[in-house]
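J.:
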Ligand code: KIV
Ligand code: ZN
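Residue numbers (my numbering): 1 to 515.
1. Cα separation between residue 51 and residue 154?
2. If you pair each beta-carbon of the stretch 219 to 239 with each one of the stretch 248 to 257, do three or more pairs fall below 8 Å?
3. Classify residue 10 as helix, strand or coil using the three-state DSSP reduction.
4. Taking the alpha carbon of residue 493 as the point to measure from, which residue in 480, 503, 502, 504 has its own alpha carbon closest?
5. Using CA coordinates, which residue listed in 130, 203, 237, 243 is at the minimum distance from residue 230?
6. Going by C-alpha distance, which of 237, 471, 108, 443 is nearest residue 124?
7. Ignoring anything shorter than 4 residues, give me the alpha helix (DSSP H) runs that lie fully in the stretch 260 to 308, in order along the chain.
8. My output table needs one value for residue 141: the three-state DSSP class, helix, strand or coil.
9. Under the criterion of a Cβ to heavy atom distance below 7 Å, does residue 173 qualify as lining the ligand KIV?
10. Can you name, in chain order, every residue of its own chain whose Cβ lies under 7 Å from the Cβ of residue 416, other than the five neighbours on each side?
11. Quick one, are the C-beta atoms of residue 131 and residue 171 less than 8 Å apart?
12. Under a CB-based cut-off of 8 Å, is residue 158 close to chain C?
13. Specify the secondary structure class of residue 15 as computed by DSSP and reduced to three states.
14. Between the stretch 399 to 418 and the stretch 376 to 384, are three or more C-beta pairs nearer than 8 Å?
15. Could you tell me the boundaries of the alpha helix (DSSP H) in which residue 389 lies?
16. Would the C-beta of residue 21 count as close to the ligand ZN, meaning under 7 Å from any of its heavy atoms?
17. Per DSSP, residue 78 is paired with what?
18. Going straight from the alpha carbon of residue 207 to that of residue 227, what length do you get?
19. On the three-pair Cβ rule with 8 Å, is the stretch 278 to 293 touching the stretch 307 to 318?
20. Would you say residue 177 touches the ligand ZN, meaning its beta carbon is less than 7 Å from a heavy atom?
21. Would DSSP call residue 488 helix, strand or coil?
22. List the residues that DSSP assigns as beta-bridge partners of residue 451.
23. Within the continuous beta strand (DSSP E) that includes residue 408, where are the two ends?
24. Any idea if residue 300 is buried or exposed, counting beta-carbon neighbours within 10 angstroms, 16 or more meaning buried?
25. Ignore the nearest five residues each way along the sequence and tell me which others in residue 244's own chain have a CB closer than 8 Å to its CB.
26. Could you tell me which residues DSSP puts in a beta bridge with residue 333?
27. Assuming residue 413 contacts residue 442 (C-beta within less than 8 Å), just tell me the rounded distance between them.
28. Would you report the Cα separation of residue 376 and residue 288, rounded to the nearest angstrom?
29. Residues in the same chain with beta-carbon distance under 8 Å from residue 353, minus the five sequence neighbours each way, listed in chain order, please.
30. Should the stretch 495 to 505 be called in touch with the stretch 41 to 51, which here means at least 3 C-beta pairs below 8 Å?
31. For residue 355, count neighbouring Cβ atoms within 10 angstroms of its own Cβ and tell me buried if that reaches 16, exposed if not.
32. Can you tell me whether residue 404 is helix, strand or coil according to DSSP?
33. Could you give the DSSP three-state label for residue 357: helix, strand or coil?
34. Flag this pair as yes or no: are the beta carbons of residue 426 and residue 411 separated by less than 8 Å?
35. Would you tell me roughly how many angstroms separate the C-alpha atoms of residue 94 and residue 486, rounded to the nearest one?
36. Pick out whichever of 84, 57, 39, 460 has its Cα sitting closest to the Cα of residue 69.
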């Protein structure tokens, strides 16, 4: 058998979905969701999982510590600024990891040093030496990042990188923190560092590119071509502002174009469709239909000319197959399907659940099969994602509503919220407005509804709806999603979950995260 990887240099895939990704506005995940995402990333073959920023909050600390203990394969990494407390906290959180990494960083650009850090270059150099040296007391695997590297003066960047290497860093990350670089520029920067910096060949250079100008993936690949052997990226490209380089796009670009890009990764792309949905469910950040690799339309051929071409030969319009990225439609289940078929379907989808969760998922499947003729794979993935997004402290017990051309929309609701049961009713400008007003009547609170985005989980008018809701209150935002055959109920439930996240994050008051 031919070895497709022969002669290809390996690129380390460093996933930051749980750290930079979770810093996307409103993307906070629950503890359980973080564990599930980490488990999926580990099974997928990601090399490094950046599990969080341990000093940010007790919740972050616990999530990093538990991911560290449970992860079987990947290196587990915790982020830390240069302060002693940050690094000690990261070291402590990673104690249970088989392969721990501390990632410490400081800004090196003039604008960040002057306005954000209020530190001069010498103080920054001192902080680099001290932080990397301290991190090495906890682990031999220390990554150092020059935040805003692409806007840093060249001579100073070289001094910082050389000092980090002398102090014991084993990976040097060169972030394009504000997504400012072009691909040529980023290529030159990595190449020049690798050929200028003393002992450059003793460390791995890494890319970390933000997508403010839509260059994140192109810049990361330019970095690899220039000799970087680690790419930092996230599922669905989530991250601060416009996000990070999308993991699935990096991996597929290296696979599909390995004629020009002779590199390989250990990531199994058949996980992508599921991982993308898991992350979208957990964060409430909807994947745009035209998103490369994992968008709903990534393999849809709409126009007659394209469909005709596809029927004649798939390569006319497809450069990869949907099954390569796990986006395969297979035989649907129906209301007569039993536990056995259900188990087999989960196994075929590569979904491993404990017996209790399978019981809950099967009950949801049966309810759905009563209202919907065919239950597709996407329905099952949606149900399971919804089960993991469920919050006992934020649930709907009963919802009824009336609406129509000649009646004022009205809703009555009973909710379970923070351990109590509340009922309320209200009229509104539409059914969704009435349902949300009823929640406000049942549990008076202040939160601004920033957006609610409904999408059909599958084709057909009987499709389940997945609704993502984002709320905000005094500078804080929180998003959540919910799945139901009734769009109004899905919206009300997503609203309630987002409210619970918003109120929990207001109570936690965490340390400001980095960019
Ligand atoms: O964008 C950035 O510079 C970061 C660093 C903390 C690596 O996220
Ligand atoms: Zn970043």
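No residue lacks a Cβ here, since even glycine has one placed at the ideal position from N, Cα and C.
Quick caveat, the model's predicted, so the values are computed rather than measured.
T.: For this structure:
1. Counting from one through the chain shown, the residue named residue 51 turns up at place 51. Counting from one through the chain shown, the residue named residue 154 turns up at place 154. Cα to Cα, the separation comes out at about 31 Å.
2. yes
3. The residue you call residue 10 lines up with position 10 of the chain shown. Of the three classes helix, strand and coil, the one that applies to residue 10 here is strand, per DSSP.
4. Along the chain shown, one-based indexing puts residue 493 at 493. Considering only alpha carbons, the answer is 480.
5. In the chain shown, residue 230 corresponds to position 230, counting from 1. Minimum Cα distance to residue 230 is reached at 203.
6. What you label residue 124 is simply residue 124 of the chain shown in a count that begins at 1. Taking only the C-alpha atoms, the option nearest residue 124 is 108.
7. 272 to 283
8. Taking the first residue of the chain shown as position 1, residue 141 is located at position 141. In this structure, residue 141 counts as coil in the three-state DSSP scheme.
9. Reading the chain shown from its first residue, position 173 is the one you call residue 173. The answer is yes for residue 173.
10. Start at 1 with the first residue of the chain shown, and residue 416 comes out as number 416. Around residue 416: 395, 397.
11. One-based indexing of the chain shown puts residue 131 at position 131. One-based indexing of the chain shown puts residue 171 at position 171. Going by C-beta atoms, residue 131 is not nearer than 8 Å to residue 171.
12. Given the protein chain composition of this structure (a single chain), no chain C is represented.
13. By 1-based counting over the chain shown, the position of residue 15 is 15. In the structure shown, residue 15 sits in a strand (DSSP, three-state: E or B).
14. no
15. Counting from one through the chain shown, the residue named residue 389 turns up at place 389. Run containing residue 389: 377 to 389, per the alpha helix (DSSP H) assignment.
16. Counted from its first residue, the chain shown places residue 21 at position 21. Flag unset: Cβ of residue 21 not near the ligand ZN.
17. Working through the chain shown from its first residue, we reach residue 78 at position 78. For residue 78, which the question treats as bridged, DSSP gives the partners 52, 102.
18. As a working mapping, residue 207 is identified with position 207 in the chain shown. As a working mapping, residue 227 is identified with position 227 in the chain shown. If you take the alpha carbons of residue 207 and residue 227, they lie about 10 Å apart.
19. no
20. Along the chain shown, one-based indexing puts residue 177 at 177. Checking the Cβ of residue 177 against the ligand ZN gives yes.
21. Taking the first residue of the chain shown as position 1, residue 488 is located at position 488. Three-state result, residue 488: helix.
22. Along the chain shown, read from residue 1 onward, the residue named residue 451 stands at position 451. Per DSSP, 470.
23. If you number the chain shown from 1, residue 408 lands on position 408. Residue 408 -> beta strand (DSSP E) spans 407 to 417.
24. Residue mapping note: residue 300 aligns to position 300 of the chain shown, counting from 1. Burial call: exposed.
25. Mapped onto the chain shown, residue 244 falls at position 244. Cβ neighbours of residue 244 beyond the five flanking positions: 16, 20, 21, 208, 209, 210, 211, 216, 232, 233, 234, 237, 238.
26. As a position in the chain shown, residue 333 is number 333, starting the count at 1. In the DSSP output, where bridge partners are listed per residue, residue 333 has 375.
27. In the chain shown, counting from the first residue as 1, residue 413 sits at position 413. In the chain shown, counting from the first residue as 1, residue 442 sits at position 442. Right, their Cβ atoms sit about 6 Å apart.
28. The sequence position of residue 376 within the chain shown is 376, counting from 1. The sequence position of residue 288 within the chain shown is 288, counting from 1. Going by the C-alpha atoms only, they are around 20 Å apart.
29. Residue mapping note: residue 353 aligns to position 353 of the chain shown, counting from 1. So the list reads 346, 361, 384, once near-sequence residues are dropped.
30. no
31. Position 355 of the chain shown, counted from the first residue, corresponds to residue 355. Classification of residue 355: exposed, given that the 10 Å Cβ count is below 16.
32. Position 404 of the chain shown, counting from 1, holds the residue named residue 404. Correct three-state label for residue 404: strand.
33. Locating residue 357 in the chain shown gives position 357, counting from the first residue. Helix at residue 357.
34. The residue given as residue 426 occupies position 426 in the chain shown. The residue given as residue 411 occupies position 411 in the chain shown. Against a cut-off of 8 Å, the Cβ pair of residue 411 and residue 426 comes out as a contact.
35. Stepping through the chain shown from its first residue, residue 94 is reached at position 94. Stepping through the chain shown from its first residue, residue 486 is reached at position 486. Each residue's alpha carbon lies about 43 Å from the other.
36. Stepping through the chain shown from its first residue, residue 69 is reached at position 69. Comparing Cα-Cα distances from residue 69 to each of 84, 57, 39, 460, the minimum goes to 39.
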